[in-house]
Amino acid sequence: MNADTTLPALEPQTPQVALTAAADDRELVVRDLHVVPVADRSREILTGIDLTVRQGEVHAIMGRNGSGKTTLAYALMGHPAYEVTRGEVFWKGLDILKLTPDKRARLGIFLAFQYPTAIPGLSVASFLRTALNARRRPIDAGQGDWDPSDMTKGGIKMGDFRRLMREKMALLRLDDAFAARYVNEGFSGGEKKRLEMLQMAVLQPEMAILDETDSGLDIDALRTVAEGVNAQLSPELGVLLITHYQRLLNYITPDHVHVLARGRIVKSGGRDLALRLEQEGYAGILREAGMPDEAAAAEASEPVEEGAPV
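So the numbering used here is basically just the index in the sequence shown, starting at one, shifted up by 17.
Below, the structure is given as structure tokens:
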């Protein structure tokens, strides 16, 4: 695609409210986050998460099944199945726990689901244009202040959208026919993940939360998805990469690695920490963190749990 057809990057949609000094506007800051599932408020899943992710950084969250990885992703995005009982989350200097999920998305936060949903009858192109129009709308815009057909009021015109789609699909090496398919209907596991990478490319987030992007992928599909993530890394994009296995980190190099257990981060380090987990498993690190029971369970190699992700 020629350079003169490339659309400019989205302008950040920052609401017209005063920023707090509690956090830098290029950081996602999580402080003492406690979360329970709405269906059972007696069961605390996250028990005090402290984490800071800056734009331009890649952070990997690793942990055994049931450690709270997916709960963390959902809580950051405001999933209604989870309730924050204590703590703070700041992005662009704003306390986003007060914002609805759509407003968090408009502020540039993106969540790639572990299990994307199929939407029969809705084409990929229509889905992405609707999502992009919503992404471009300022979070404090009134109903009359936004028009999806008017670029000055948040929308994108069809011709511009088609050029954008061609550019991003070429970046991810997707065939043009992909845009006409229905969202995730009949998609393989790899195709579902590639669609999420296309969503990420089109929406141009500034903070991407990727929940077990490697789940259910063979090695070829894993490599393809990793290439899609790497193609989008930039100083303007922070990535929180949630994974169970080290293998994804063979293709996406993290700046920081964090081990999650019993709903909190028990150890942080660089890529060498992920390599240690690959070689030794979780038992040694959990013992170092004063969790002998968790370590014993890790050594027992419990089967993967089925059901609602945590």
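Each residue gets a CB set at the ideal place from its N, CA and C atoms; glycine is no exception.
In this text the structure is predicted, and so the values were computed from the model without any measurement.
According to the neighbour-count rule (16 or more other Cβ atoms, all chains shown, within 10 Å of its Cβ), is residue i buried or exposed?
i, result
"P137", "exposed"
"A135", "exposed"
"V242", "buried"
"D228", "buried"
"P271", "buried"
"R153", "buried"
"D177", "exposed"
"S251", "exposed"
"I236", "exposed"
"G307", "exposed"
"E311", "buried"
"A218", "buried"
"A90", "buried"
Please report the straight-line C-alpha distance between residue i and residue j, rounded to a whole angstrom.
i, j, result
"A315", "G203", "36 Å"
"K284", "I78", "10 Å"
"E105", "G207", "35 Å"
"R179", "G301", "52 Å"
"D67", "R48", "5 Å"
"V52", "R81", "18 Å"
"A238", "S140", "22 Å"
"L234", "S205", "9 Å"
"L215", "G298", "33 Å"
"T117", "M94", "8 Å"
"N201", "K174", "25 Å"
"A187", "F195", "11 Å"
"F144", "A197", "10 Å"
"A92", "E100", "7 Å"
"D193", "K185", "11 Å"
"L181", "Y199", "19 Å"
"R43", "G73", "9 Å"
"L254", "V75", "9 Å"
"L149", "G287", "34 Å"
"R190", "D57", "44 Å"
"P97", "A129", "16 Å"
For residue i, name the three-state secondary structure that DSSP assigns.
i, result
"S143", "helix"
"L188", "helix"
"I126", "strand"
"L294", "helix"
"I302", "helix"
"P137", "strand"
"L114", "helix"
Check your understanding: Counting pairs of Cβ atoms below 8 Å between the stretch 283 to 293 and the stretch 259 to 266, do you hit three or more?
Key -> yes
Check your understanding: Do the stretch 214 to 234 and the stretch 121 to 131 touch if we need at least three Cβ pairs shorter than 8 Å?
Key -> yes
Review point. At a cut of 8 Å, does the stretch 263 to 282 reach the stretch 205 to 213 through at least three beta carbon pairs?
Key: no
Exercise for review: Entirely within the stretch 36 to 105 and at least 3 residues each: give me those beta strand (DSSP E) ranges in chain order.
Suggested key: 44 to 54, 63 to 71 and 75 to 80
**Study point:** Touch test, the stretch 229 to 247 against the stretch 92 to 109, Cβ-Cβ under 8 Å, three pairs minimum
**Key:** no
**Study point:** beta strand (DSSP E) runs contained entirely in the stretch 223 to 290, provided each spans 3 or more residues
**Key:** 224 to 228, 255 to 260, 273 to 278 and 281 to 286
Check your understanding: For the stretch 56 to 71 against the stretch 270 to 284, are there 3 or more C-beta pairs whose distance is under 8 Å?
Key -> yes
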